[in-house]
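First the structure, in the form of C-alpha cells, and then the observations on it.
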Amino acid sequence: MNATVERYQRAVQSSNLEVDELAPGDVDALIAAGLVRDGLGPSLIRLRSERDAVSKLPGARSLTPLLKSMTGVKLRMHQMAIDAAALLCPDLPEAEAKAVAERAIDFFLDPNCPPCGGTGIVGEYGKPQHTCNACRGTTRRQAYFGSRQDLEALFDRLMRVMEEKVDTAWRRIRSVKAEVESAKGMIEGELRRVR
Ligand SMILES: [Zn+2]
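Those letters in the sequence shown? Residues 4 to 198, per the working numbering, in order.
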C-alpha cells in the first residue's frame, strides 16, 4: 500500500469530525495527512478540545496551562499581539502585549459570564428573571481595562482574529471531511486493485 493511501486511511479512521465533537488528535491527523495546514485556527480548535476533555475534572482550571497545545498557542498569540500592538499602540511594552494575548486565550477557552452562567439572565427560581447586569445579556464575560483603551483595542482585535481563524479552520475541516469521504471510495478501489 502506498504512503498516500496510508495517510488518507489514518485521517479517515480519526473520523467523527463533528463541529462539537472533535476528539483530541483529529486535527493532528488531518495536519499529518497534509489535508489541513497547521496554524493558529487549528491550534485553537485543538486547545479547546483538550480543554473540554479535562473540563469535568476537579481543578480543571489549574490543568489548563498544562494542556498539550497551550505552549504553541501562546507562542503564536504572543507574536500576534506584538504585531497588532505595533499598529494599534506602538508604545506598548512587549510584556503587556503578551499579557493581553494570554487574557484573550483565557476568554476564548472560557467565554461564559460567571454571574449568569452564560445565559444572560439572572433571578431566583420562581421569581421574576432579569437581564444579567454583568454581561448586559450578551452571555459573554466582559474584559475590563479601565482607562486603558489601548489594551482594550488590542484585546478586541485579538478576540476577533481568533474567531476568524477558528471559523476558517472549521470551514476547511468540514470541506476536508467531505474530501475524506470521497477518498474512502478511492482507497477501497486501490486496495482491491493491489490485493
Ligand atoms: Zn451575565
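No residue lacks a Cβ here, since even glycine has one placed at the ideal position from N, Cα and C.
Measuring CA to CA, which of G121, G28 and G129 is closest to L2? Since the first residue of the chain shown is 4 and the last is 198, residue 2 is not available in this structure.
With a threshold of 8 Å, are at least 3 pairs of Cβ atoms found where one atom belongs to the region 92-109 and the other to the region 176-195? no
Cβ-heavy atom distance, G123 to ligand 1, below 7 Å: For the purposes of this step, residue 123 is taken as residue 120 along the sequence shown, with counting starting at 1. Yes - ligand 1 has a heavy atom lying nearer than 7 Å to the Cβ of G123.
In the DSSP assignment, find the unbroken alpha helix (DSSP H) run with Q82 in it and report its ends. Within the sequence shown, numbered from 1, the residue matching residue 82 stands at position 79. From DSSP, the alpha helix (DSSP H) with Q82 extends over M73 to L91.
Say whether the region 33-50 touches the region 165-182, bearing in mind that this needs 3 or more beta-carbon pairs closer than 8 Å, one atom from each stretch. yes
Please determine whether the Cβ atom of V146 lies at a distance below 7 Å from any heavy atom of ligand 1. Numbered from 1 along the sequence shown, position 143 holds the residue referred to as residue 146. First, the amino acid is wrong: residue 146 is Ala here, not Val. No, the Cβ of A146 stays beyond 7 Å of every heavy atom of ligand 1.
Nearest-angstrom Cα separation, counted from G121 out to E21: For this step, residue 21 is matched to residue 18 along the sequence shown. For this step, residue 121 is matched to residue 118 along the sequence shown. Its pLDDT being 40, under 50, E21 is placed unreliably in this model, and the value from its coordinates should be taken loosely. The alpha-carbon atoms of E21 and G121 are separated by roughly 23 Å.
State the DSSP-derived secondary structure class of T142, mapped to helix, strand or coil. Looking up residue 142 in the sequence shown gives position 139. Note: T142 maps to coil in three-state DSSP.
Just reading off the alpha helix (DSSP H) that G120 is part of, what are its end residues? Mapped onto the sequence shown, residue 120 falls at position 117. Taken as a continuous stretch (DSSP letters only), G120 belongs to no alpha helix (DSSP H), as it is neither H nor E.
Within 7 Å: the Cβ of C138 and any heavy atom of ligand 1? Taking the sequence shown and counting its residues from 1, one reaches residue 138 at position 135. Because some heavy atom of ligand 1 lies under 7 Å away, the Cβ of C138 counts as near it: yes.
Integer Cβ distance of L161 from L91, believed to fall under 8 Å: The residue given as residue 161 occupies position 158 in the sequence shown. The residue given as residue 91 occupies position 88 in the sequence shown. The pair is not a contact, with the Cβ atoms about 10 Å apart (cut-off 8 Å).
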